[in-house]
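Trainee: Let me give you the structure first, and then I'll get to my questions.
Numbering (the working numbering), first residue to last: 495 to 770.
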């Protein structure tokens with residue numbers, strides 16, 4: 495009888511353990527997740543450890559640059575993702591179809607950015623993502639994509655802030671000046687005279703004022719994306735009534751904004767929603 499009672503107690507304990515809510519992970523977890531069927535339609539979701547059940551955290555979408563060209567990748571943004579997760583943020587470091595890859599360039603690249611951001615709604619079902627605290631951060635050509643994301647309409651996931659780090663926000667001016675060689679015309683599919691409707695749809699400068707507050711950070715010593723070009727966009731945005739903040743480090747170059755130890759990166763972090 496005692497032995498039978500002991501077995502019943504053991505079984506009850508096992509069943510109770512199985513039915514209890516799982517403990518939240520104590521360590522950071524990064525998972526590669528597809529948001530579409532193309533090989534480049536995926537992202538790395540970084541989740542801090544120790545988030546209590548039922549709680550959520552702000553999520554930062556990261557978009558890499560590389561002049562929209564095949565050969566660039568989300569590895570450029572991994573140091574920022576790691577830094578943000580350590581600070582308590584969820585990160586969604588996304589890849590997308592680029593020029594030279596099937597479906598890349600306009601409009602496919604923009605469709606991927608939209609799909610990646612909207613996929614957060616599905617990810618929130620299983621991950622501690624606060625859909626009311628979404629920030630999109632992009633560097634260089636990724637900065638073009640992040641600022642463009644703030645002009646989308648009829649979205650389920652609406653960012654509270656979009657950040658351009660040394661961005662390419664005015665595609666018409668960039669194309670006419672030969673920025674990046676033929677990178678802009680390769681991306682859009684022609685010159686502004688050839689495909690004006692594509693520039694109107696793809697260029698943040700043509701879609702002002704947008705619906706989301708903007709932060710632009712720029713290096714004064716950037717030899718790739720020149721500061722006067724970026725400042726021109728900021729002035730145009732302000733004249734259009736956009737909510738935009740501009741931070742310049744006179745000594746910073748093109749890579750400085752994606753250095754987690756830089757003042758320009760700290761300027762971004764300071765403006766993010768608090769992680770908890």
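For every residue, glycine included, the Cβ atom is placed at its ideal position computed from N, Cα and C.
Going by alpha carbons, who is nearest to residue 737 out of 743, 702 and 714?
Mentor: Of the listed residues, the one whose Cα sits closest to residue 737 is 702.
Trainee: So for residue 631, helix, strand or coil by DSSP?
Mentor: Residue 631: strand per DSSP, three-state reduction.
Trainee: What is the C-beta distance between residue 660 and residue 716, in whole angstroms, given that I count them as a contact (C-beta under 8 Å)?
Mentor: Confirmed, about 6 Å.
Trainee: Have a look at residue 635 and residue 566 and give me their C-alpha separation to the nearest angstrom.
Mentor: Going from the Cα of residue 635 to the Cα of residue 566 covers about 11 Å.
Trainee: Give the DSSP-derived three-state secondary structure of residue 538 in the structure shown.
Mentor: Three-state DSSP puts residue 538 in a strand.
Trainee: Among 619, 596, 587 and 600, which residue has its Cα nearest to the Cα of residue 611?
Mentor: Selected option, being the one with the closest Cα: 587.
Trainee: What is the C-beta distance between residue 655 and residue 573, in whole angstroms, given that I count them as a contact (C-beta under 8 Å)?
Mentor: Incorrect: roughly 20 Å between the Cβ atoms, too far for contact.
Trainee: Just how far apart, CA to CA, sit residue 582 and residue 624?
Mentor: Straight-line Cα distance between these residues: approximately 12 Å.
Trainee: Confirm, please, whether the CB-CB distance from residue 727 to residue 699 is below 8 Å.
Mentor: Yes, the pair counts as a contact, with Cβ atoms nearer than the cut-off.
Trainee: Return the first residue and the last residue of the alpha helix (DSSP H) that residue 671 is part of.
Mentor: Residues 665-671.
Trainee: By DSSP, does residue 545 sit in helix, in strand, or in coil?
Mentor: Residue 545 falls in the coil class under three-state DSSP.
Trainee: Could you tell me which residues DSSP pairs with residue 588 in its beta bridges?
Mentor: Answer is 537 and 557.
Trainee: Identify, in the order they occur along the chain, each residue of the same chain with its Cβ nearer than 8 Å to the Cβ of residue 730, setting aside the five sequence neighbours on each side.
Mentor: So the qualifying residues of the chain are 664, 699 and 702.
Trainee: Could you tell me how far apart the beta carbons of residue 643 and residue 598 are, in whole angstroms, since I believe they sit closer than 8 Å?
Mentor: Not a contact, Cβ separation roughly 17 Å.
Trainee: Which residues in the same chain as residue 516 place their Cβ atom closer than 7 Å to its Cβ, once the five residues preceding and following it in sequence are excluded?
Mentor: In this prediction, residue 516 scores a pLDDT of 46, lower than 50, which makes its location untrustworthy; no coordinate-derived value is stated.
Trainee: Given that a residue counts as buried once 16 or more other Cβ atoms are within 10 Å of its Cβ, and exposed if not, what is residue 751?
Mentor: Result: buried.
Trainee: Tell me the DSSP secondary structure of residue 765 in three-state form.
Mentor: Coil.
Trainee: Let's test the definition: count the other Cβ atoms within 10 Å of the Cβ of residue 666 and tell me whether it reaches 16, buried, or not, exposed.
Mentor: Residue 666 should be labelled buried.
Trainee: According to the Cβ coordinates, are residue 553 and residue 631 closer than 8 Å?
Mentor: Contact: no.
Trainee: Spatial neighbours of residue 693 within its chain, please: CB distance less than 7 Å, with the 5 preceding and 5 following residues excluded, ordered by chain position.
Mentor: 665, 666, 682, 686 and 700, listed in sequence order.
Trainee: How should residue 559 be labelled, buried or exposed, when 16 other C-beta atoms within 10 angstroms of its C-beta is the threshold for buried?
Mentor: Residue 559 comes out buried.
Trainee: Which residue wins for smallest C-alpha separation from residue 767, given the options 550, 745 and 530?
Mentor: Closest option to residue 767, Cα to Cα, is 550.
Trainee: Whose C-alpha, out of 536, 619 and 592, is nearest the C-alpha of residue 547?
Mentor: The shortest Cα separation from residue 547 among 536, 619 and 592 belongs to 619.
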